[in-house]
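Numbering-wise, this note's numbering comes out as the position in the sequence shown, counting from 1, plus 202.
Built from N, CA and C at the ideal position, the CB exists for glycine as well.
Some notes on the structure that comes next.
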Amino acid sequence: MVTKDTKPVIFLFTFPLQGHLNPMFQLAKIFFNHGFSITVIHTEFNAPNFSNFPHFTFVSISDGLSEPESYPDVIEILHDLNSKCVAPFNDCLKKLLSEEPTAACVIVDALWYFTDGLTEKFSIPRIVLRTVNLSSFVAFSKFHVLREKGYLSLQESQGDSPVPELPYLKMKDLPWFQTEDPRSGDKLQRGTMKSMKSSSGIIFNAIEDLEPDQLDQSLKEFPVPLFSIGPFHRYVSASSSSLLAQDMTCLSWLDKQATNSVIYASLGSIASIDESEFLEIAWGLRNSNQPFLWVVRPGSIHGKDLIEILPKGFIESLQGRGKIVKWAPQPEVLAHRATGGFLTHCGWNSTLEAICEAIPLICKPSFGDQRVNARYISDVWKIGLHLENRIERLEVENAIRTLMTSSEGEEIRKRIMPMKETAEQCLKLGGSSFRNLENLVAYILSF
Ligand code: UDX
């Protein structure tokens, strides 16, 4: 812990997507609790709510984007942000450094690949926050090899074949990007890899004891220090970086349900599905006869609104057994005694939040790292079931029944308990994340 009079400043540059803002703000709070002074640089697009972080200084930069409700081609938005923010960010950092010339470092999200070269330009160390876990990091780091070997084009025809370079993964699990143009995904990969390799270090919201093989491989192949210090949300109070208003009525509804009875369903902050997939999930949830809490985010069904799609009488037919909300206080929902399972898109934040509460999963991955996470959940850690084919109501119904009411579900529940314990132990004195955080703080103070 650094003392008050020496309080060094850290600049953090947040990436304006929910799954990136949450871990970055949690990280900011971790550093704040270690005695650092925090200045957050953020875009106008998806700007955070400053009033939730009274101890931080906020500086806004212009990004030239309008606020879309959905993300039809999220990769294009990432590239757009990376080109439009260069000049505003550089001007901002120059000004901040003239006011705080002794600032310790800048921490940037890995998606800000344009910040490669920043250290040479501004003589300040740059550390990268990578919001995926180590297994996905390794898969992404081999992306160019996978592309060269033609694996990415085999995803449809030979989806179940193993990937020789990535034990555990099948061709269909390889990271895939929600973009019209495959070159756009390649550009993102090249950019982030180059920028991470030239950084002063990489921070992961991950637990190295859960992925020891991947840690060894990452350490061998990556030329910079790596710090796995997750789970971030366990160091700090509940998240307040939500871009959408969280519907707190979920919690009083959960209070009325039996222990471990509710299946919570959410596909995260970006993934979207088409109308027919939506209806299959709706009927699967209903026909399972299990109580459910379902997040249907605005914009998450291609071009349609929830009320337009749900068949007449659907809600009434549930007789109070289901609740649908636009956005939930997810960490609190997962921690609630009534929640017994999670139908998820397998974003890493959601997966880690579920592991920390020992909530078994049903995987319905969409893009990027989600497919890698789903394979680890179902086949490596064996803490969930995997909806691998085009989604059908019977498959959803059966998966929910299996998870919530069968002996197979009970076995899955037993297997996730030790993972929860690992996630608790790693933060305690001598635990891996505890140690790595101490090393990270010492490293930053040594700059
Ligand atoms: C994507 C990637 O899949 C993820 O792995 C990457 O690290 C970030 O971008 P996203 O779709 O945002 O992620 O999902 P996830 O990583 O699970 O993050 C979603 C966050 O939103 C979680 O922290 C979750 O608690 C929160 N959330 C979600 C809510 O607060 N309320 C909700 O209703 C749903």
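Query                                                                                                                                                                          : Result
One question on the structure: do residue 210 and residue 341 come within less than 9 Å of each other, judged by their Cβ atoms?                                               : no
By a C-beta neighbour count over all protein chains shown, 10 Å radius and 16 as the cutoff for buried, is residue 592 buried or exposed?                                      : exposed
In or out: residue 156 buried (at least 16 other Cβ within 10 Å) or exposed?                                                                                                   : This structure cannot settle anything about residue 156, because the visible part of the chain is limited to 203 through 649.
Which residue or residues does DSSP assign as beta-bridge partners of residue 403?                                                                                             : 329
Could you check the C-alpha separation between residue 433 and residue 636 for me, to the nearest Å?                                                                           : 10 Å
Measuring CB atoms only, is the segment 370-381 touching the segment 508-524, in the sense that at least three cross pairs come out at less than 8 Å?                          : no
Between residue 313 and residue 609, what straight-line distance do the alpha-carbon atoms span, to the nearest angstrom?                                                      : 42 Å
Write down every uninterrupted run of the beta strand (DSSP E) in the segment 354-417 whose length is 3 residues or greater and which is fully enclosed by it, in chain order. : 403-406
Is it the case that the CB of residue 650 approaches a heavy atom of ligand 1 more closely than 8 Å?                                                                           : Lying outside 203 to 649, the shown extent of the chain, residue 650 is not represented and no answer is given.
I'd like the list of long-range same chain contacts for residue 361, defined as Cβ closer than 6 Å, with 5 residues on each side in sequence excluded.                         : 373 and 374
Could you tell me whether any non-hydrogen atom of ligand 1 is closer than 8 Å to the CB of residue 436?                                                                       : no
Sorry if obvious, but does the Cβ on residue 501 come closer than 8 Å to a heavy atom of ligand 1?                                                                             : no
Return yes when the C-beta of residue 690 is under 8 Å from any heavy atom of ligand 1, and no when it is not.                                                                 : Shown here, the chain extends from 203 to 649; a query on residue 690 therefore has no answer.
Could you check if residue 364 is buried or exposed, using at least 16 other CB atoms within 10 Å of its CB as the buried criterion?                                           : exposed
How close, in whole Å, do the beta carbons of residue 605 and residue 597 come, if the pair is a contact with beta carbons under 8 Å?                                          : In fact, because the Cβ distance is near 12 Å, the residues do not count as touching under 8 Å.
Looking at residue 330 and ligand 1, is the gap between the Cβ and the nearest heavy atom below 8 Å?                                                                           : no
Alpha carbon to alpha carbon, how far is residue 350 from residue 584?                                                                                                         : 31 Å
Using a Cβ-Cβ cutoff of less than 6 Å, which residues in the same chain neighbour residue 416 once the five nearest sequence positions on both sides are dropped?              : 336, 337 and 340
Cβ atoms of residue 333 and residue 226: under 9 Å apart, would you say?                                                                                                       : yes
Can you list, in chain order, the residues of its chain whose CB lies under 8 Å from that of residue 650, leaving out five sequence neighbours each side?                      : The question about residue 650 has no answer here: the residues shown for the chain are numbered 203 through 649.
Restricting to runs no shorter than 4 residues, where is the alpha helix (DSSP H) found entirely within the segment 444-521?                                                   : 451-457, 477-489, 508-511 and 516-519
Alpha helix (DSSP H) containing residue 589: first to last residue?                                                                                                            : Looking at the DSSP string, residue 589 is not in any alpha helix (DSSP H), and its letter there is neither H nor E.
Quick check on the burial criterion: 16 or more other C-beta atoms within 10 angstroms. Buried or exposed for residue 561?                                                     : buried
How big is the Cα-Cα spacing for residue 223 and residue 410?                                                                                                                  : 22 Å
Can you give me the C-alpha to C-alpha distance between residue 367 and residue 403, rounded to a whole angstrom?                                                              : 25 Å
Classify residue 628 as helix, strand or coil using the three-state DSSP reduction.                                                                                            : coil
Would you call residue 254 buried or exposed, if buried means 16 or more other Cβ atoms sit within 10 Å of its Cβ?                                                             : exposed
Where does the unbroken beta strand (DSSP E) through residue 430 begin, and where does it stop?                                                                                : 428-430
Helix, strand or coil: which one does DSSP assign to residue 538?                                                                                                              : coil
Inspect the CB distances between the segment 280-287 and the segment 472-490 and report whether three or more fall short of 8 Å.                                               : no
Okay, do the segment 384-400 and the segment 539-554 touch, 3+ Cβ pairs below 8 Å being the bar?                                                                               : no
Nearest to residue 215 by alpha carbon, out of 231, 237 and 261?                                                                                                               : 261
Below 8 Å on the Cβ atoms is my contact criterion, and I expect residue 276 with residue 472 to pass it. Report the Cβ-Cβ distance as a whole number of Å.                     : 6 Å
Taking residue 525 as part of the beta strand (DSSP E), name the residues at either end of that continuous run.                                                                : 524-527
Quickly, what does DSSP pair residue 211 with across the bridge? List them, please.                                                                                            : 239
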